[in-house]
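Some notes on the structure that comes next.
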Amino acid sequence: GTDKAGAFFRAMHYPLFEYVSRRVPEITDEFFRIDDAMRAGFGWELGPFEVWDALGVKETLDKIKAEEKRIPGNSGEVADWVREMLAAGNDSFYRVENGIRHYYDIRSKSYKPIPGTEGFIILDNIRAQKTVWKNSGLTVTDLGDGILNAEFHTKMNTLGGDVIQGLHKAIDLAEKDFRGLVIGNDGANFSAGANIGMIFMMAVEQDYDELNMAVKTFQQTSMRLRYSSIPVVAAPFALTLGGGCEFSMHADFVQLHAETYMGLVEFGVGVIPGGGGSKEFALRASDEMKEGQIEQQVLRDRFLTIGQAKVSTSAVEAFELGYLQAGKYAVSMNRSRLLADAKAKAIELAEAGYTQPVPRKDIKVLGKQGLGIVYVGANSMRSGNYISEHDQKISEKLGWVMCGGDLSSPTEVSEQYLLDLEREAFLSLCGERKTLERIQHMLTTGKPLRN
Numbered sequence: 034g035t036d037k038a039g040a041f042f043r044a045m046h047y048p049l050f051e052y053v054s055r056r057v058p059e060i061t062d063e064f065f066r067i068d069d070a071m072r073a074g075f076g077w078e079l080g081p082f083e084v085w086d087a088l089g090v091k092e093t094l095d096k097i098k099a100e101e102k103r104i105p106g107n108s109g110e111v112a113d114w115v116r117e118m119l120a121a122g123n124d125s126f127y128r129v130e131n132g133i134r135h136y137y138d139i140r141s142k143s144y145k146p147i148p149g150t151e152g153f154i155i156l157d158n159i160r161a162q163k164t165v166w167k168n169s170g171l172t173v174t175d176l177g178d179g180i181l182n183a184e185f186h187t188k189m190n191t192l193g194g195d196v197i198q199g200l201h202k203a204i205d206l207a208e209k210d211f212r213g214l215v216i217g218n219d220g221a222n223f224s225a226g227a228n229i230g231m232i233f234m235m236a237v238e239q240d241y242d243e244l245n246m247a248v249k250t251f252q253q254t255s256m257r258l259r260y261s262s263i264p265v266v267a268a269p270f271a272l273t274l275g276g277g278c279e280f281s282m283h284a285d286f287v288q289l290h291a292e293t294y295m296g297l298v299e300f301g302v303g304v305i306p307g308g309g310g311s312k313e314f315a316l317r318a319s320d321e322m323k324e325g326q327i328e329q330q331v332l333r334d335r336f337l338t339i340g341q342a343k344v345s346t347s348a349v350e351a352f353e354l355g356y357l358q359a360g361k362y363a364v365s366m367n368r369s370r371l372l373a374d375a376k377a378k379a380i381e382l383a384e385a386g387y388t389q390p391v392p393r394k395d396i397k398v399l400g401k402q403g404l405g406i407v408y409v410g411a412n413s414m415r416s417g418n419y420i421s422e423h424d425q426k427i428s429e430k431l432g433w434v435m436c437g438g439d440l441s442s443p444t445e446v447s448e449q450y451l452l453d454l455e456r457e458a459f460l461s462l463c464g465e466r467k468t469l470e471r472i473q474h475m476l477t478t479g480k481p482l483r484n
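Every position in the sequence shown, counted from 1, becomes a number in the working numbering once 33 is added.
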């Protein structure tokens, strides 16, 4: 552009491009190492040669020459090897061949695979050739060896109707012609949760039939991830909140990055987890109840994880908070290896003779015994002004779901029974004015409201 922003960008980058080109081969023979250093060491999203590639090497070179008098520090000269590369008909520093990224090697004057990346799966490199199905919210890609990948690509990877439809389609395709499904992407975050803007619109318009159907579809998607005939491996990283966390919890296996911020944060917008998260925590609490153990203590620990909207700061903490189950997760230290590790796990599960699980009907809930603990605890917190009146109401709704309602004694119930309670509680909270205020505040400011 010709405006001030364009002038600033040119003044910042043209001297940089000249400088880095002349540092090759002085500090390294392989320019991709400079890009690696700037990304890993200084947090750049793209290294200088990658930025130059994005702008077009030849086009930028012509402009550098044209601007040499107007930009301080811009001599108009780049290293000879860049001109030689262009003269030989090579118009970029990087190129993708057969899904593998190559760099231009100045010594052999040819393109070579970037060493050390053989074990990486980079979706940008394979999407053009390997896309099986796509819509505006999700792309299904063939990773090879009979494994599909479902990739979110909405804003902050939030989960709306297109993503839900896409996940069902991905499972349909995998069950028909493939042997496993990975849910992963190369974005900044795995998923920031459900699209609360869509929920807010339905709630404000009091379109409760539509909202009920949306929540039910979300729950059915979570259940389908668990009870499909093929293994499903989630590959979360960075922000994995709300619905993104619920989907991960329902996968057969979770292959997550070491730095994963996983949590059920629905309390912050005035509702309870409505995509199967509340049900799942009740199920896991039931599995943790041992003979002779104080059952209310197990329930309390799981209840507080959701009630305090606890978010893990690492993969290990996600396990400690109950978002992961022993034997059903593994950690990838290298973010770039995450999808490849998840694919390998999906293959392992398929080859081990994956058996389609059956929905549970043996979930022990405590009924009135547990509700008493929840109600007394919420009332005490309210009396001490630690939580607001609306927080107390949400806490009691969550307790109602996790205890299976006001059953007269501990009882074994089905997953569907708990899902129905969860959906009923979610919808009733969406009818509360203070919940709508919380959602609106989150949408406009990005921060939770404590009302």
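Using N, Cα and C, we set each Cβ at its ideal position, and we do this for glycine too. These numbers were taken from a predicted model, which means no experiment stands behind them.
Hey, could you find the ends of the alpha helix (DSSP H) residue 130 is sitting in? Here residue 130 corresponds to residue number 97 of the sequence shown, with the count starting at 1. Element bounds for residue 130: not the alpha helix (DSSP H) but the beta strand (DSSP E), 127 to 130.
Which whole-angstrom value describes the C-beta separation of residue 312 and residue 448, a residue pair presumed to lie in contact below a C-beta threshold of 8 Å? Start at 1 with the first residue of the sequence shown, and residue 312 comes out as number 279. Start at 1 with the first residue of the sequence shown, and residue 448 comes out as number 415. That belief holds up - the Cβ atoms of residue 312 and residue 448 are roughly 6 Å apart, short of 8 Å.
Express the C-alpha separation of residue 190 and residue 169 in angstroms, rounding to a whole number. The residue you call residue 169 lines up with position 136 of the sequence shown. The residue you call residue 190 lines up with position 157 of the sequence shown. When rounded, the distance between both Cα atoms is 11 Å.
Would you say residue 300 and residue 271 are within 8 Å of each other, going by their C-beta atoms? Sequence index remark: in the sequence shown, residue 300 carries index 267 (1-based). Sequence index remark: in the sequence shown, residue 271 carries index 238 (1-based). Result no, Cβ atoms of residue 300 and residue 271 do not sit closer than 8 Å.
Quick check on the burial criterion: 16 or more other C-beta atoms within 10 angstroms. Buried or exposed for residue 61? Taking the sequence shown and counting its residues from 1, the one referred to as residue 61 is at position 28. So residue 61 counts as exposed.
CB contact below 8 Å: residue 287 versus chain D: Chain labels in this structure do not include chain D; a single protein chain is all it has.
Are the stretch 397 to 414 and the stretch 432 to 446 in contact at 8 Å, needing three or more beta carbon pairs? yes
Classification of residue 152 by the beta-carbon crowding that lies within 10 angstroms, buried from 16 upward: Mapped onto the sequence shown, residue 152 falls at position 119. With a threshold of 16 other beta carbon atoms within 10 Å, residue 152 falls short and is exposed.
Evaluate contact between the stretch 355 to 363 and the stretch 279 to 286, counting only Cβ atoms and requiring at least three cross-stretch pairs below 8 Å. yes
For residue 330, is the classification buried or exposed, using 16 other Cβ atoms within 10 angstroms of its Cβ as the cut-off for buried? By 1-based counting over the sequence shown, the position of residue 330 is 297. Flag for residue 330 reads exposed.
Which of helix, strand or coil does DSSP assign to residue 356? In the sequence shown, residue 356 corresponds to position 323, counting from 1. Note: residue 356 maps to coil in three-state DSSP.
On the premise that residue 79 lies in contact with residue 485, defined as a C-beta separation below 8 Å, what is that separation, rounded to the nearest angstrom? There is simply no residue 485 to check, as the chain begins at 34 and stops at 484 in what is shown.
Taking the alpha helix (DSSP H) that residue 69 belongs to, which residues open and close that run? On the sequence shown, residue 69 is found 36 positions in, with the first residue counted as 1. Taken as a continuous stretch (DSSP letters only), the alpha helix (DSSP H) holding residue 69 covers 65 to 75.
Would you tell me roughly how many angstroms separate the C-alpha atoms of residue 185 and residue 245, rounded to the nearest one? Position 152 of the sequence shown, counted from the start, is the residue given in the question as residue 185. Position 212 of the sequence shown, counted from the start, is the residue given in the question as residue 245. Taking the straight line joining both Cα atoms gives about 24 Å.
For residue 209 and residue 165, I'd like the C-alpha separation in whole angstroms. Here residue 209 refers to the residue found at position 176 when the sequence shown is read from its first residue. Here residue 165 refers to the residue found at position 132 when the sequence shown is read from its first residue. If I take the Cα positions, the gap works out to 13 Å.
Residue 290, enclosing alpha helix (DSSP H) - first and last residue: One-based indexing of the sequence shown puts residue 290 at position 257. Element bounds for residue 290: not the alpha helix (DSSP H) but the beta strand (DSSP E), 286 to 290.
Under a three-way DSSP split, which group does residue 262 fall into? As a first step, residue 262 is located in the sequence shown; it is residue number 229 there, counting from the start. Three-state result, residue 262: coil.
Secondary structure at residue 295, three-state DSSP: helix, strand or coil? Sequence index remark: in the sequence shown, residue 295 carries index 262 (1-based). Strand at residue 295.
Quick one, are the C-beta atoms of residue 179 and residue 217 less than 8 Å apart? By 1-based counting over the sequence shown, the position of residue 179 is 146. By 1-based counting over the sequence shown, the position of residue 217 is 184. Cβ distance not < 8 Å, so residue 179 and residue 217 don't count as in contact.
Taking only the alpha-carbon atoms, compute the straight-line gap between residue 450 and residue 394 and give it to the nearest angstrom. Mapped onto the sequence shown, residue 450 falls at position 417. Mapped onto the sequence shown, residue 394 falls at position 361. Residue 450 and residue 394: Cα-Cα distance of roughly 9 Å.
Our contact map puts residue 429 next to residue 407 with C-beta atoms below 8 Å; I'd like the distance itself, whole angstroms only. Looking up residue 429 in the sequence shown gives position 396. Looking up residue 407 in the sequence shown gives position 374. Residue 429 to residue 407, Cβ: 7 Å. Contact.
Close beta carbons around residue 223, own chain, < 7 Å, minus the five adjacent residues each side: For this step, residue 223 is matched to residue 190 along the sequence shown. These residues qualify, in order along the chain: 190, 269, 270, 271, 272, 273 and 277.
As assigned by DSSP and simplified to three states, the class of residue 81: Within the sequence shown, numbered from 1, the residue matching residue 81 stands at position 48. In this structure, residue 81 counts as helix in the three-state DSSP scheme.
In chain order, what residues of the same chain have a beta carbon less than 7 Å from the beta carbon of residue 154, not counting five sequence neighbours either side? Along the sequence shown, one-based indexing puts residue 154 at 121. So the qualifying residues of the chain are 176, 372, 373 and 376.
Distance, residue 192 Cα to residue 225 Cα: Counted from its first residue, the sequence shown places residue 225 at position 192. Counted from its first residue, the sequence shown places residue 192 at position 159. Roughly 8 Å between the two C-alpha positions.
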